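Asks: First the structure, which I've put down as structure tokens, then a few questions once you've had a look.
Number of protein chains: 2
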Amino acid sequence: MLSCPIPDNLPAAVELAHGGGGLLTSQLIHQVFDHYFHNDILATYHDGAILPAMGERIAMSTDTFVVTPLFFPGGNIGDLAINGTVNDILCCGATPRYLSAAFVIEEGMKIDDLCKIAAAMAAAAKEAEVEIVTGDTKVVERGRCDGVYINTTGIGIVPPNLWLDPSSLKPGDAIILTGPIGNHGMAIMTQREGLKMTSEIKSDSASLGDIVHALLRVVDLRVLRDPTRGGLAATLNELAEASGVNITIEETAIPLREDVRTACDLLGLDPLHVANEGIMVAVVPADQAATALEAVKRSAHGAEAAIIGTVEAPDPQGAKVWLRLPYGNRRRVEQMRGEQLPRIC
Amino acid sequence: MLSCPIPDNLPAAVELAHGGGGLLTSQLIHQVFDHYFHNDILATYHDGAILPAMGERIAMSTDTFVVTPLFFPGGNIGDLAINGTVNDILCCGATPRYLSAAFVIEEGMKIDDLCKIAAAMAAAAKEAEVEIVTGDTKVVERGRCDGVYINTTGIGIVPPNLWLDPSSLKPGDAIILTGPIGNHGMAIMTQREGLKMTSEIKSDSASLGDIVHALLRVVDLRVLRDPTRGGLAATLNELAEASGVNITIEETAIPLREDVRTACDLLGLDPLHVANEGIMVAVVPADQAATALEAVKRSAHGAEAAIIGTVEAPDPQGAKVWLRLPYGNRRRVEQMRGEQLPRIC
Numbered sequence: 001m002l003s004c005p006i007p008d009n010l011p012a013a014v015e016l017a018h019g020g021g022g023l024l025t026s027q028l029i030h031q032v033f034d035h036y037f038h039n040d041i042l043a044t045y046h047d048g049a050i051l052p053a054m055g056e057r058i059a060m061s062t063d064t065f066v067v068t069p070l071f072f073p074g075g076n077i078g079d080l081a082i083n084g085t086v087n088d089i090l091c092c093g094a095t096p097r098y099l100s101a102a103f104v105i106e107e108g109m110k111i112d113d114l115c116k117i118a119a120a121m122a123a124a125a126k127e128a129e130v131e132i133v134t135g136d137t138k139v140v141e142r143g144r145c146d147g148v149y150i151n152t153t154g155i156g157i158v159p160p161n162l163w164l165d166p167s168s169l170k171p172g173d174a175i176i177l178t179g180p181i182g183n184h185g186m187a188i189m190t191q192r193e194g195l196k197m198t199s200e201i202k203s204d205s206a207s208l209g210d211i212v213h214a215l216l217r218v219v220d221l222r223v224l225r226d227p228t229r230g231g232l233a234a235t236l237n238e239l240a241e242a243s244g245v246n247i248t249i250e251e252t253a254i255p256l257r258e259d260v261r262t263a264c265d266l267l268g269l270d271p272l273h274v275a276n277e278g279i280m281v282a283v284v285p286a287d288q289a290a291t292a293l294e295a296v297k298r299s300a301h302g303a304e305a306a307i308i309g310t311v312e313a314p315d316p317q318g319a320k321v322w323l324r325l326p327y328g329n330r331r332r333v334e335q336m337r338g339e340q341l342p343r344i345c
Numbered sequence: 346m347l348s349c350p351i352p353d354n355l356p357a358a359v360e361l362a363h364g365g366g367g368l369l370t371s372q373l374i375h376q377v378f379d380h381y382f383h384n385d386i387l388a389t390y391h392d393g394a395i396l397p398a399m400g401e402r403i404a405m406s407t408d409t410f411v412v413t414p415l416f417f418p419g420g421n422i423g424d425l426a427i428n429g430t431v432n433d434i435l436c437c438g439a440t441p442r443y444l445s446a447a448f449v450i451e452e453g454m455k456i457d458d459l460c461k462i463a464a465a466m467a468a469a470a471k472e473a474e475v476e477i478v479t480g481d482t483k484v485v486e487r488g489r490c491d492g493v494y495i496n497t498t499g500i501g502i503v504p505p506n507l508w509l510d511p512s513s514l515k516p517g518d519a520i521i522l523t524g525p526i527g528n529h530g531m532a533i534m535t536q537r538e539g540l541k542m543t544s545e546i547k548s549d550s551a552s553l554g555d556i557v558h559a560l561l562r563v564v565d566l567r568v569l570r571d572p573t574r575g576g577l578a579a580t581l582n583e584l585a586e587a588s589g590v591n592i593t594i595e596e597t598a599i600p601l602r603e604d605v606r607t608a609c610d611l612l613g614l615d616p617l618h619v620a621n622e623g624i625m626v627a628v629v630p631a632d633q634a635a636t637a638l639e640a641v642k643r644s645a646h647g648a649e650a651a652i653i654g655t656v657e658a659p660d661p662q663g664a665k666v667w668l669r670l671p672y673g674n675r676r677r678v679e680q681m682r683g684e685q686l687p688r689i690c
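Heads up: the sequence lines are chains A and B, in that order. If you count the first sequence from 1, position 121 lands on 121 in this note's numbering, and the numbers rise without skipping. If you count the second sequence from 1, position 7 lands on 352 in this note's numbering, and the numbers rise without skipping.
Next up, the structure:
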């Protein structure tokens, strides 16, 4: 974490007046956000950013982050907000380039905390090779927000001739998972519940350009998805439904850390439904599965990747997802109706 | 306003579970947002949207809307969220094309209100000829939001060879204002304060593509700005500072409705500092002022436009803005320190 000195002429906490569009707003923007996000495009004093041409097709994605607590083992809302949108752009097969960042800040938020968050955003943006080019700052009264909510919206360049499509899954395709499940959700939940583990569970929050670019170089991907809210179960159900296929995954093949499994058991949660922020599901044709897995495993964030299952022909009862248990029997993996873990991202 | 029937299988109010990323989230998104925003790009079930190429340069702008009350005379947070971002893109000289829309919804928000807001967004998007191509929905607990906050982020195409620049103002340039000041802010404030006026003050919330495109066809614009938070005073001060010039405006030349003036007097507000959501400041070279004014006045939203002042050489005490009063003396127009009107947009 970078050091976050509070500039001399800023108060220790955000006041409503910082959201009024006057001198205090300028001060907050210049001394905190411009300081951390500085780049040539952001520096122009327009209401918006002017960006260069971006190839034949552009990917665009948006997410507002409302995670609580704002700081958790492995990250904070700032890097989460960058990594989340970067990964959504990557899931379009695109190279992320530019991000906007819009803050809704609760009156009384500590400027020092805001600096820590902005510093984490800057570091995550640098790591992901994206620039924060335009922004917005609003302040609302105490009790009308929860510290800070951050929207990031990103755009990126889609390579020519690439068409990732959630409805393109075919029986025989392999399901690759690039890392262990449940780390982000359980980092948040153990923190919220005050659960003491022998080892601290850390969020997996990370941008996954390394994995995605490695995959795009060597295989013909059907689709990429990051299993965030709703976990692996939601992602696989959405893909099965979009393609009208069945998916069977093997319980023993799914990477899952022992401490995460224990924490899930203690809190009565199914790790298949827990949110992740640093892994991807990649679906590839069967004959490219080994090549794809090797490419992922060689990537910085993919060392624990595994082939976890297979796409199958639909059965007469409609598209669904099955989990094969260690002794050969299987159970259906449903999408949750509502939330298991509110405000996880 | 379109009619907003609540789909049969939706509850009357938003529950926390609608933000969990499961079936209820899908239901809310499909039955409310997809219903109103439907277009070919949004319909693909990606985490992001894939957009076609967009010319040599792209403009990008973001804004989160936290206005209270959510519904006010002349509009609601929905059309405001579209028009505000569309106008910011227009201020870059660009043609707005695609918008993202991200919602943070407070548990307990009426689905019917959400439908009204989504319908207003769809109508405003249609009017502005933009498409809402990707989105996000989060739900937070009661008391962690105020109904709904909406982020919109937009991208648009910048015409070749156009360079609007807030630092390009030159002594002699004319300042054109495209309509009366204070309408949005005072529509909100009279509503909040329960002030009964003989005529209801309506927000000027509107997208201003008609005016901007008319201007770009006939004159060489120095810069365009929409005077929202902080009002005309903030916008002119920012321009004077960016260009290192003085600006003098004539009080008698500034369009201001009588009821807005009265409401400002009653609440002790200076209309120069009150937010607007449907007017623009255009700065043009002196010899093109008449042509520019005529073009604006012929536009649907520009009938009340006026030349309100002139750019002047800087004086030794630094860049500043002056208001010439009816009897010839003048007073300095300062940028507000903080907010006069919190949560106005």
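We treat Cβ as the ideally placed atom computed from N, Cα and C, and that holds for glycine. Remember, predicted model here, so these are calculated numbers, not experimental data.
Nearest CA to the CA of D433 (chain B): which residue from B:L686, B:A578, B:G501, B:T655?
Replies: Of the listed residues, the one whose Cα sits closest to D433 (chain B) is B:G501.
Asks: Between the segment 122–135 of chain A and chain B, which residues of the former have a C-beta closer than 9 Å to a C-beta of the latter?
Replies: So the list reads V133, T134, G135, given in the order they occur along the chain.
Asks: Nearest chain B C-beta to C264 (chain A) closer than 9 Å, yes or no?
Replies: No, C264 (chain A) does not count as interfacial toward chain B.
Asks: DSSP state of E106 (chain A), grouped into three classes?
Replies: Reduced to three states, the DSSP call for E106 (chain A) is strand.
Asks: What do you get for R142 (chain A), buried or exposed, if any count of 16 or more other CB atoms within 10 angstroms of its CB means buried?
Replies: Result: exposed.
Asks: Hey, how far is the Cα of G524 (chain B) from the Cα of Q680 (chain B)?
Replies: Whole-angstrom Cα-Cα distance: 21 Å.
Asks: Name the residue from B:A465, B:V666, B:V628 whose alpha carbon lies nearest to the alpha carbon of N591 (chain B).
Replies: Nearest of B:A465, B:V666, B:V628 to N591 (chain B), Cα basis: B:V666.
Asks: Measure the alpha-carbon distance for A664 (chain B) versus P511 (chain B) and round it to whole angstroms.
Replies: Whole-angstrom Cα-Cα distance: 13 Å.
Asks: Which residue marks the beginning of the beta strand (DSSP E) containing L323 (chain A), and which one marks its end?
Replies: Run containing L323 (chain A): 321–324, per the beta strand (DSSP E) assignment.
Asks: State the CB to CB distance for the pair G527 (chain B) and I689 (chain B), rounded to an integer number of angstroms; the pair is presumed to be in contact (CB under 8 Å).
Replies: Rounded, the Cβ-Cβ distance is 11 Å, inconsistent with contact.
Asks: Please state the DSSP three-state secondary structure of L2 (chain A).
Replies: At L2 (chain A), the pLDDT of 44 sits below 50, so the modelled position is not reliable and the matter cannot be decided from this model.
Asks: Is there at least one Cβ from chain B nearer than 9 Å to M1 (chain A)'s Cβ?
Replies: Any answer about M1 (chain A) is weak, because its pLDDT of 41 lies below 50 and its placement is not dependable; what the coordinates show is given next. With 9 Å as the cut-off, M1 (chain A) does not count as an interface residue toward chain B.
Asks: Just the Cα atoms here: how many angstroms apart are K471 (chain B) and I556 (chain B)?
Replies: Their Cα atoms are separated by approximately 17 Å.
Asks: Would you call the segment 225–237 of chain A and the segment 97–105 of chain A touching, i.e. three or more CB-CB distances under 8 Å?
Replies: The answer is no - the segment 97–105 of chain A does not touch the segment 225–237 of chain A, with fewer than three Cβ pairs under 8 Å.
Asks: Write down every uninterrupted run of the alpha helix (DSSP H) in the segment 559–602 of chain B whose length is 4 residues or greater and which is fully enclosed by it, in chain order.
Replies: You should have 576–588.
Asks: Determine the chain A residues that contact Q680 (chain B) at a beta-carbon separation under 7 Å, and present them in chain order.
Replies: Ordered by position in chain A, the residues that pass the 7 Å Cβ test against Q680 (chain B) are G22, L23.
Asks: With three or more beta-carbon pairs closer than 8 Å as the criterion, would you say the segment 17–25 of chain A touches the segment 363–375 of chain B?
Replies: The answer is no - the segment 363–375 of chain B does not touch the segment 17–25 of chain A, with fewer than three Cβ pairs under 8 Å.
Asks: Grab the span of the alpha helix (DSSP H) containing K483 (chain B) for me, first residue to last.
Replies: First-last for K483 (chain B): 476–485, but that is the beta strand (DSSP E), not the alpha helix (DSSP H).
Asks: Evaluate contact between the segment 464–482 of chain B and the segment 609–621 of chain B, counting only Cβ atoms and requiring at least three cross-stretch pairs below 8 Å.
Replies: No: the two stretches stay apart, fewer than three of their Cβ pairs being nearer than 8 Å.
Asks: Could you tell me the distance, in whole angstroms, from the CA atom of E639 (chain B) to the CA atom of G647 (chain B)?
Replies: Cα to Cα, the separation comes out at about 9 Å.
Asks: With three or more C-beta pairs closer than 8 Å as the rule, is the segment 65–82 of chain A touching the segment 115–129 of chain A?
Replies: At 8 Å Cβ cutoff, the stretches touch.
Asks: So, is the C-beta of G530 (chain B) closer than 9 Å to a C-beta in chain A?
Replies: So no, G530 (chain B) is outside the interface.
Asks: In the DSSP assignment, find the unbroken alpha helix (DSSP H) run with E639 (chain B) in it and report its ends.
Replies: 634–642 is the span of the alpha helix (DSSP H), which, as asked, contains E639 (chain B).
Asks: I need the straight-line Cα distance from T62 (chain A) to T407 (chain B), nearest angstrom please.
Replies: Roughly 11 Å between the two C-alpha positions.
Asks: K320 (chain A) versus chain B: which residues are under 9 Å apart at the beta carbon?
Replies: In chain order: nothing, as chain B lies at least about 14 Å away.
Asks: From this set, A:E241, A:K297, A:Q317, which residue's C-alpha is nearest H213 (chain A)'s C-alpha?
Replies: Measuring from the Cα of H213 (chain A), the nearest candidate turns out to be A:K297.
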